[in-house]
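4 protein chains.
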Amino acid sequence: MGHNISEKTKGVFIIAATPFQDNGDIDFDSIDRLVEFYIEKGVSGITILGMMGEAQKLNPDESTAVMERVLSRVDSRVPVIVGVSNPGMGNLVTLSHNAMNLGAAGVMVAPFAAQKTETALYNYYESVCLALGPDVPLCYQDFPLATGVNMSVDCFLRMVRDFEQLVMLKHEDWPGLPKLSQIRKKEQDDGSRRVSILCGNGGLYLPQELARGADGAMTGFAYPEMLVQVCSLFHSGDVDAAEDLFDLYLPVVRHEQQPGYGLAVRKEILRRRGAISTALTRAPGPKLSKEDHVDLDRLLARLESRLN
Amino acid sequence: MGHNISEKTKGVFIIAATPFQDNGDIDFDSIDRLVEFYIEKGVSGITILGMMGEAQKLNPDESTAVMERVLSRVDSRVPVIVGVSNPGMGNLVTLSHNAMNLGAAGVMVAPFAAQKTETALYNYYESVCLALGPDVPLCYQDFPLATGVNMSVDCFLRMVRDFEQLVMLKHEDWPGLPKLSQIRKKEQDDGSRRVSILCGNGGLYLPQELARGADGAMTGFAYPEMLVQVCSLFHSGDVDAAEDLFDLYLPVVRHEQQPGYGLAVRKEILRRRGAISTALTRAPGPKLSKEDHVDLDRLLARLESRLN
Amino acid sequence: MGHNISEKTKGVFIIAATPFQDNGDIDFDSIDRLVEFYIEKGVSGITILGMMGEAQKLNPDESTAVMERVLSRVDSRVPVIVGVSNPGMGNLVTLSHNAMNLGAAGVMVAPFAAQKTETALYNYYESVCLALGPDVPLCYQDFPLATGVNMSVDCFLRMVRDFEQLVMLKHEDWPGLPKLSQIRKKEQDDGSRRVSILCGNGGLYLPQELARGADGAMTGFAYPEMLVQVCSLFHSGDVDAAEDLFDLYLPVVRHEQQPGYGLAVRKEILRRRGAISTALTRAPGPKLSKEDHVDLDRLLARLESRLN
Amino acid sequence: MGHNISEKTKGVFIIAATPFQDNGDIDFDSIDRLVEFYIEKGVSGITILGMMGEAQKLNPDESTAVMERVLSRVDSRVPVIVGVSNPGMGNLVTLSHNAMNLGAAGVMVAPFAAQKTETALYNYYESVCLALGPDVPLCYQDFPLATGVNMSVDCFLRMVRDFEQLVMLKHEDWPGLPKLSQIRKKEQDDGSRRVSILCGNGGLYLPQELARGADGAMTGFAYPEMLVQVCSLFHSGDVDAAEDLFDLYLPVVRHEQQPGYGLAVRKEILRRRGAISTALTRAPGPKLSKEDHVDLDRLLARLESRLN
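Listed in order, the protein sequences are those of chains A, B, C and D. Be aware that the first sequence starts at 2, since it is given in our numbering, and climbs by one per residue. Be aware that the second sequence starts at 2, since it is given in our numbering, and climbs by one per residue. Be aware that the third sequence starts at 2, since it is given in our numbering, and climbs by one per residue. Be aware that the fourth sequence starts at 2, since it is given in our numbering, and climbs by one per residue.
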């Protein structure tokens with residue numbers, strides 16, 4: 002399983018949208034197209050069935066079907082992480098083992114509001130690790146705005162110390178820059194394991210996050226090539242060029258990062274770029290109005306003119 | 002479908018626990034036993050796949066299997082309401098139509114935190130009604146402590162006015178006594194449809210709620226016979242006897258009503274009463290410690306001695 | 002300052018209501034009357050300017066005036082704890098030092114939602130202790146339903162170990178029985194300081210809490226004599242008599258414990274008992290309707306008849 | 002009072018920081034300097050004692066002193082709005098009347114989490130208006146991320162219809178672009194009063210908001226001249242120039258907009274620009290670390306080089 006995610010994983014793991022047909026059914030042709038689109042843009046990996054992938058609106062058969070289609074289309078060209086958060090441990094484990102058997106590179110788990118203290122949080126991830134078994138690499142999704150669960154640096158590092166399979170942090174605490182620096186500093190001070198940190202929040206702070214020790218991004222921005230080039234310029238030492246490129250896209254990044262609403266924007270951009278056939282989100286979900294399209298037309302026209 | 006729930010529904014709809022085996026699998030024998038237990042105690046109906054039924058920890062196949070087993074065992078002796086809340090409208094509708102086809106009497110839907118304004122709330126229930134079709138009777142579960150969604154009396158009555166299939170309110174806003182009185186008063190003042198109101202919150206305020214116009218209870222208290230007798234005494238006009246009986250059980254009602262923790266108490270009492278085989282809740286879920294059992298032993302012993 | 006609160010403090014610290022006149026001004030005569038009422042009923046101490054004391058609706062001059070009046074009327078007959086929670090550390094410290102100078106026995110501080118992790122929580126209480134100075138005994142108010150801040154047993158015991166002046170826990174996590182047992186067990190296992198634990202939540206679980214190691218109650222139930230006698234019977238070993246007495250009042254305890262609404266109930270009972278002149282709460286605040294009075298009349302009549 | 006805010010108010014109302022000395026006392030000299038700084042940069046008005054002004058950490062005497070100093074220094078050159086949100090109606094009214102007597106142009110009120118339904122919200126603002134009297138112009142601060150209170154377009158327009166003194170919306174719902182469009186559309190469709198809408202959220206969406214009908218900004222960005230020029234270019238019809246200018250500052254806007262943390266960034270920029278003497282926020286408050294300064298140095302250097 003050489004392609005599993007690990008502490009060394011870096012680059013851009015794109016959060017894949019889940020494309021639907023106009024009738025709300027999963028659009029498998031668009032899945033194929035989207036996978037090719039992402040790989041063509043140079044992503045290092047793909048994350049599926051995350052919150053932005055509308056995973057909570059799929060039934061388990063659909064989740065499995067999406068997983069199968071993506072993994073078979075990817076065909077080991079890049080590693081694939083599967084979001085498996087679930088209120089029931091049994092369902093979480095079943096989905097994870099399915100994913101790993103189909104060739105996933107690891108799973109991502111966010112906490113639930115029921116984990117009200119850091120002791121409860123630690124205990125929950127301990128049970129998750131035990132239930133998954135040691136061969137399933139784990140990414141912690143730290144997204145308090147969505148989960149309601151906050152985690153301290155100390156709590157995270159305790160988990161890293163005790164759970165070997167916890168190899169990655171999806172960092173989307175907000176504001177999160179100081180936390181990122183603290184994790185990197187404490188890891189070093191304590192001589193503890195340095196995990197992979199990929200950043201979310203739509204990429205809104207990517208240059209700052211890279212400067213503070215992030216290994217890349219895990220988000221779904223509809224221009225993955227920007228994320229890829231920013232990371233690659235940064236890692237090659239051309240920090241200014243990285244940020245210059247980022248700033249060109251920042252008006253669109255900021256527009257797409259709006260919670261909820263942003264998913265409709267993202268899918269519409271993917272549609273306009275030919276990556277998926279329709280921008281539909283499953284009900285109840287956001288939809289763009291005429292005014293929303295006007296905004297978007299303008300923002301994208303401005304981006305185009307700047308890129309040329 | 003003469004046994005569908007309607008505005009006239011009254012009495013006690015017991016929220017059914019979902020019994021598991023020690024290995025976490027669904028315990029179908031215990032389902033049978035539990036159904037008989039509930040019916041023997043005189044309930045007017047049964048609600049399954051609610052929050053206290055750990056519905057969110059079942060997969061859809063299990064949900065269907067539980068539904069089938071309960072409905073087949075009940076065999077039309079009492080109406081059965083099915084909890085169908087789901088982040089995806091498609092899944093909600095599929096589950097609802099399955100339920101109705103199998104003989105359910107109606108479905109119960111709670112809002113999601115995503116319904117952030119009353120306009121959004123109204124629109125959501127409008128789509129639910131449209132998607133279900135007019136033949137599926139609907140119960141609104143008003144449980145802000147769990148859902149994070151608050152609804153005004155005005156908003157509820159607007160929905161009642163506009164959505165004919167909305168025939169019942171599961172009332173568990175907290176505190177909720179003034180709201181109950183206001184609904185009953187406004188219904189009358191506006192000459193609008195008087196819906197059925199069954200009360201939750203573990204039954205903690207049942208005598209006061211009946212006095213303010215509730216039609217009964219919808220909760221899972223492990224001594225359903227108390228709920229049944231209290232409602233029946235109250236409706237026969239013997240208000241003091243109803244409350245005297247209630248007060249005997251109140252120490253246990255209050256103990257079982259604790260959120261989260263209370264489910265472990267409830268299942269343990271059902272186990273002690275022979276209604277189910279083990280008290281296990283699915284992980285992650287509450288479990289009773291030695292100290293918790295000591296409390297419970299004492300509370301139940303005191304109840305027994307008072308009843309005799 | 003021999004009467005300061007300490008780890009040995011036990012009994013009932015009644016949370017004092019703040020009485021107003023019909024025009025909303027503070028009713029100092031009623032303060033005198035209320036103090037005498039509480040002392041007459043046998044309370045071990047009084048807590049003022051808590052959430053149920055509408056402290057957040059007083060201005061600082063009023064807070065000081067209330068403090069002065071209560072402390073001068075109490076005249077060292079019982080210790081007085083002052084609630085000093087405040088978004089600004091400066092204001093918190095000023096109020097605390099005023100309180101101690103006027104003869105208070107300690108201060109109570111609840112966390113803010115801004116303390117999002119247990120590290121932040123620990124750091125906040127560390128700054129509070131530093132800013133107060135070591136001579137101000139501190140009570141931690143653990144009320145997640147109101148503050149949004151959850152604290153683990155481990156986090157609390159770390160604070161107890163490191164902050165000597167932290168001598169008391171106001172326990173109102175909900176459900177909180179397991180937490181109480183865990184604190185008592187870990188204190189013993191670790192050989193750490195055993196702090197005083199007084200329980201809130203309107204007294205709803207008092208017998209169970211005493212059995213699990215609580216030292217008493219800190220709540221504002223309008224029949225303080227019940228809390229006092231229950232604690233005293235329990236501590237004298239007559240556990241059954243304690244719980245029998247408690248159960249007589251339980252219907253009213255449960256009614257008064259409803260958040261927000263319950264304050265209007267409590268003040269109305271205090272008014273009916275002659276302890277204060279009007280039941281007014283400051284706007285925006287709860288008010289009893291005609292239906293609410295009907296409930297209360299009935300509950301109190303039933304209580305009276307049971308007591309006689 | 003010709004300079005009171007009204008439905009016609011437009012432009013940039015800068016949210017003023019409250020400057021402190023190193024010992025935490027209010028720095029009145031910096032207040033003077035800051036006022037001159039803001040006016041020099043061309044703001045249309047100033048808003049004081051808002052959330053970003055750390056109002057909740059001042060005591061009432063300090064609030065009054067800040068108000069007096071700002072109003073006297075401004076000396077009617079621009080209108081001043083005062084944030085008066087307060088859990089107690091009495092305190093809110095006192096502060097408001099003080100403000101108006103000292104020459105304020107209106108007051109701003111945000112709802113509390115206690116306003117759990119839209120009916121409660123409406124009733125609260127009705128009481129606020131009654132208590133303030135009709136001569137105090139009111140701005141509604143719609144900031145659900147901070148207050149926990151969501152308000153629908155319908156609810157807002159009902160308040161506008163019924164409360165004449167409600168003349169302004171501080172728009173910072175997030176995402177909020179569709180809401181802004183809906184308000185402007187419904188106002189027109191219903192022929193109702195068109196209120197002033199000034200946008201917050203740190204200015205992050207200002208060009209889009211202006212295009213959708215906002216009248217300006219109310220936020221505290223540390224380069225007020227950008228906000229002023231963007232609004233002025235936009236209103237003069239040069240929409241592209243407005244957005245070009247905005248985009249130059251966007252990296253800093255986005256950095257400063259981070260909740261909590263952003264206040265420390267903002268104050269540090271104001272300090273570097275000579276507008277205030279120290280960047281201190283009152284405890285407990287955010288502080289910049291060495292890494293945070295590195296970020297900021299870099300972002301500001303990049304801004305400078307782009308502006309030249």
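Every residue gets a Cβ at the ideal spot worked out from N, C-alpha and C, and that includes glycine.
Let me know if B:GLY114 comes out buried or exposed under the rule of 16 or more other beta-carbons within 10 Å of its beta-carbon. Residue identity differs from the one stated: residue 114 of chain B is Ala in this sequence, not Gly. Flag for B:ALA114 reads exposed.
Indicate whether at least one CB of chain C lies closer than 8 Å to the CB of A:SER153. yes
Hey, is B:GLN209's beta-carbon within less than 8 Å of any beta-carbon in chain C? yes
Listing by chain order, which chain A residues have their CB less than 8 Å from the CB of D:TYR262? PRO176, LEU178, PRO179
Are the CB atoms of B:TYR126 and B:LEU170 within a distance shorter than 8 Å? no
Would you decide whether B:LYS9 is buried or exposed? Buried here means 16 or more other CB atoms lie within 10 Å of its CB. exposed
Using DSSP bridges, identify the partner residues of C:TYR141. C:VAL110, C:LEU170
Say whether the segment 80–88 of chain D touches the segment 4–21 of chain D, bearing in mind that this needs 3 or more beta-carbon pairs closer than 8 Å, one atom from each stretch. yes
Quick test of the definition: if touching needs 3 or more C-beta pairs under 8 Å, does the segment 230–238 of chain A touch the segment 287–302 of chain D? no
Could you tell me how far apart the beta carbons of D:ILE40 and D:VAL79 are, in whole angstroms, since I believe they sit closer than 8 Å? 6 Å
Rounded distance between the beta-carbons of C:ARG283 and C:LYS58, thought under 8 Å: 4 Å
Which complete alpha helix (DSSP H) runs does the segment 74–123 of chain D hold, if anything under 4 residues is left out? 90–102
In chain C, which residues lie with their C-beta within 9 Å of the C-beta of A:GLU188? By Cβ distance, chain C contributes nothing, its closest Cβ being about 16 Å from A:GLU188, past 9 Å.
Element boundaries [beta strand (DSSP E), containing B:SER319]: This structure cannot speak to residue 319 of chain B, because chain B is shown only from 2 to 309.
Should C:HIS294 go down as buried or exposed, given a rule of 16 or more other Cβ atoms within 10 Å for buried? exposed
Which one or two residues does DSSP pair with B:ILE49 in a beta bridge? B:VAL83
Roughly how many angstroms separate the alpha carbons of D:SER182 and B:VAL36, rounded to a whole number? 53 Å
For B:GLN22, go through chain C and note every residue whose CB falls closer than 7 Å to its CB, in chain order. Near B:GLN22 there are no residues of chain C at all, since even the closest Cβ is about 25 Å away, more than 7 Å.
Nearest chain A C-beta to B:ALA243 closer than 8 Å, yes or no? no
At the level of alpha carbons, what is the spacing between A:MET219 and B:GLU244? 58 Å
Expressed to the nearest angstrom, what Euclidean distance is found between the alpha-carbon atoms of D:ASP23 and D:ILE6? 35 Å
Return the Cβ separation of D:GLY217 and D:SER31 in integer angstroms, given the expectation that the two are a contact with Cβ distance under 8 Å. Actually they do not touch by this definition, with Cβ atoms about 26 Å apart.
To which residues of the same chain is D:CYS156 closer than 6 Å at the C-beta, ignoring the five residues directly before and after it? GLU119
Secondary structure at B:ALA218, three-state DSSP: helix, strand or coil? strand
Check whether the Cβ atoms of C:VAL154 and C:ILE198 lie closer than 8 Å to each other. no
Given A:ALA66, which residues of its chain have a CB within under 7 Å of its CB, disregarding the five upstream and five downstream residues? ILE27
Reducing DSSP to helix, strand and coil, say where A:PHE1 ends up. The structure shown does not extend to residue 1 of chain A, since chain A spans only 2 to 309, so no value can be given for it.
In three-state terms, what does DSSP make of A:GLY263? helix
Mind checking if A:SER237 is an interface residue toward chain D, Cβ cutoff 8 Å exclusive? no
Using only CA atoms, which one of A:LEU122, A:LEU96, A:GLN209 lies nearest to A:PRO145? A:LEU122
Contact defined as beta carbons within less than 8 Å: I believe C:PRO300 pairs with C:VAL253. What is the distance between those atoms, to the nearest angstrom? Correcting the residue identity first, residue 300 of chain C is Leu in this sequence and not Pro. Their Cβ separation, rounded to whole angstroms, is 5 Å, which keeps C:LEU300 and C:VAL253 in contact under 8 Å.
Quick one: which residues of the segment 108–128 of chain D get their C-beta closer than 8 Å to a C-beta of chain B? List them in chain order. LYS117, THR118, GLU119, THR120, ALA121
For the beta strand (DSSP E) containing A:PHE14, list its first residue and its last residue. 12–16
Per DSSP, what kind of secondary structure is B:ILE6 in: helix, strand or coil? coil
Straight-line CA distance for C:ALA302 to B:ASP248? 14 Å
Could you check the C-alpha separation between D:ARG74 and D:GLY43 for me, to the nearest Å? 16 Å
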